[in-house]
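Comments concern the structure below.
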Amino acid sequence: MKALVYRGPGKKEWTDVPKPAIEKPTDAIIKIVKTTICGSDLHILKGDVPAVTDGRILGHEGVGIIEEIGSGVQNFKVGDKVLISCITSCGKCDNCKKGLYAHCEDGGWILGHLIDGTQAEYVRIPYADTSLYPVPSSVDDEAMVMLSDILPTGFEIGVLNGRVKPGDTIAIIGAGPVGLSALLTSQFYSPAEIIMVDLDDNRLEIAKQFGATKVVNSSDGKAIQSVFSLTDGGKGVDVAIEAVGIPATFDICQEIIKPGGNIANIGVHGKSVEFHIEKLWIHNITLTTGLVSTNSTPMLLKSVVSNKLEPQKLITHRFPLDDIMKGYDVFANAAKEQAIKVIFSND
Ligand SMILES: NC(=O)c1ccc[n+]([C@@H]2O[C@H](COP(=O)([O-])OP(=O)(O)OC[C@H]3O[C@@H](n4cnc5c(N)ncnc54)[C@H](O)[C@@H]3O)[C@@H](O)[C@H]2O)c1
Ligand SMILES: [Zn+2]
Ligand SMILES: [Zn+2]
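Position one of the sequence shown corresponds to residue -13 (the numbering used here), numbered consecutively onward.
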């Protein structure tokens, strides 16, 4: 079969590799129907994730059809259409029992990281019963792919950790796929104001279409003053969601947060930040961090089925799976290409 294989920092190829086979009774082999690229795949290609080794097939998002199941798989049968979660969970360890699938003792984020991933014609999914979700026939496959990673990430690590409430003024720093997912799912809780901050006017325009009430282009270096000027009485925000992953945007969150507010960090940080505990403690600020668990996926799936959530709006580009190298070029130049999510079809 063909797959997108990591060849060390800066290098990848679309090449022939052996088709995966069942290794444990709890495995399933899935024929990929749709897959996509995540910002984390670009981090891997830059060499930022050293656990990924030469020869690894990338990708942790997708929808597919079950081709083969191990003898221990009970919830699925051959031919079922399934959503692949970016997080693999055994469902039985202490962390899985708490819903903390991100830290499954025999899973977590392993797909396209520690084991071969979804940017291929076929993929092996361990613990199929608890790591796959049935796709209802009424739902668009491409919308489903947005549920593998970015929607649960924006929702769980941004909106739920940030405890967004009706009437809140919230700010989301970063209007990439993850920040936009936080924007879409924050609206379940009817915040009064959603201020979106980014450097890219095109993404801010999309954010307005998706429900942002105010936008700030922070390329002038004045994000903090701009956010204050947009809040009621210049008081700052109840919830600040960090969806970039650099010190500058973490700093913005620490500055704009109101007493009693929550800073929900989603961004993956490669560098340490300056944490201003000397200013924050007296303001009763809560800071949360986290790796997505995807335990909200069944709930988000119901919201997509009922059209309360339309994640297909995040898709800007489509390619056949064979053209994934071209798709990587588009996604890596997202600002210039006006790209948000790029979908690949294996027809
Ligand atoms: N915690 C988790 O479980 C989890 C899961 C998936 C992704 N992530 C992380 O979430 C973050 C966002 O992911 P994404 O795919 O949306 O990334 P992305 O790179 O597509 O988007 C980041 C956005 O931030 C904007 N930006 C960059 N510098 C900025 C600045 N100084 N001020 C304001 N905006 C700025 C960019 O223009 C871009 O639109 C990344 O760090 C990613 O690794 C975390
Ligand atoms: Zn991802
Ligand atoms: Zn587990």
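Quick reminder that beta carbons are idealized off the backbone N, C-alpha and C, glycines included.
Does DSSP put residue i in a helix, in a strand, or in coil?
i	result
R(-7)	coil
L31	helix
L273	strand
V121	coil
F317	helix
A88	helix
E228	strand
P112	coil
S331	strand
N147	coil
K322	helix
E47	coil
R189	helix
I238	helix
P284	helix
A157	strand
L266	helix
N203	strand
T302	strand
T12	coil
N81	helix
A168	helix
K221	coil
Hey, residue i and residue j: beta-carbon distance below 8 Å or not?
i	j	result
A229	I252	yes
G93	P112	yes
A88	I73	yes
L169	A198	yes
F330	T22	yes
V109	P6	yes
T302	S71	no
S167	L118	no
I271	I249	yes
K83	L31	no
I55	A14	yes
Q195	D115	no
I227	G144	yes
S176	V291	no
A161	D126	no
T12	G58	yes
I326	I238	no
M(-13)	L69	no
Rounded to the nearest angstrom, what separates residue i and residue j at their Cα positions?
i	j	result
T275	I232	14 Å
T235	D27	21 Å
D206	S212	10 Å
I52	K299	27 Å
G313	A157	31 Å
G247	V164	21 Å
K265	K221	16 Å
A320	M182	18 Å
G85	S75	9 Å
G148	S134	21 Å
V19	E260	44 Å
H99	P36	9 Å
M132	K78	26 Å
S258	H29	17 Å
V(-9)	P245	48 Å
T3	A209	Sequence inspection shows Val at residue 3; the Thr mentioned does not correspond to that position. Cα-Cα distance, rounded: 48 Å.
D309	I16	20 Å
G25	L44	12 Å
M285	L295	11 Å
K288	G50	19 Å
I180	K200	6 Å
N81	D154	32 Å
V328	G33	22 Å
Determine the burial state of residue i: buried for a count of at least 16 other Cβ atoms within 10 Å of its Cβ, exposed for fewer.
i	result
E142	buried
R42	buried
P152	exposed
V278	buried
S172	buried
I263	exposed
F62	buried
W95	buried
T39	exposed
N332	buried
R(-7)	exposed
V64	exposed
G(-4)	exposed
M311	exposed
K322	exposed
K10	exposed
V(-11)	At residue -11 the sequence reads Ala, which differs from the Val that was named. That one is buried.
Using a Cβ-Cβ distance cut-off of 8 Å, determine whether residue i contacts chain B.
i	result
L300	The displayed structure is made up of one protein chain only, and chain B is not part of it.
ask   = Pick out every residue whose C-beta is nearer than 5 Å to a heavy atom of ligand 2: which are they, in chain order?
value = Every residue whose beta carbon comes nearer than 5 Å to a heavy atom of ligand 2 appears here in chain order: C24, S26, D135.
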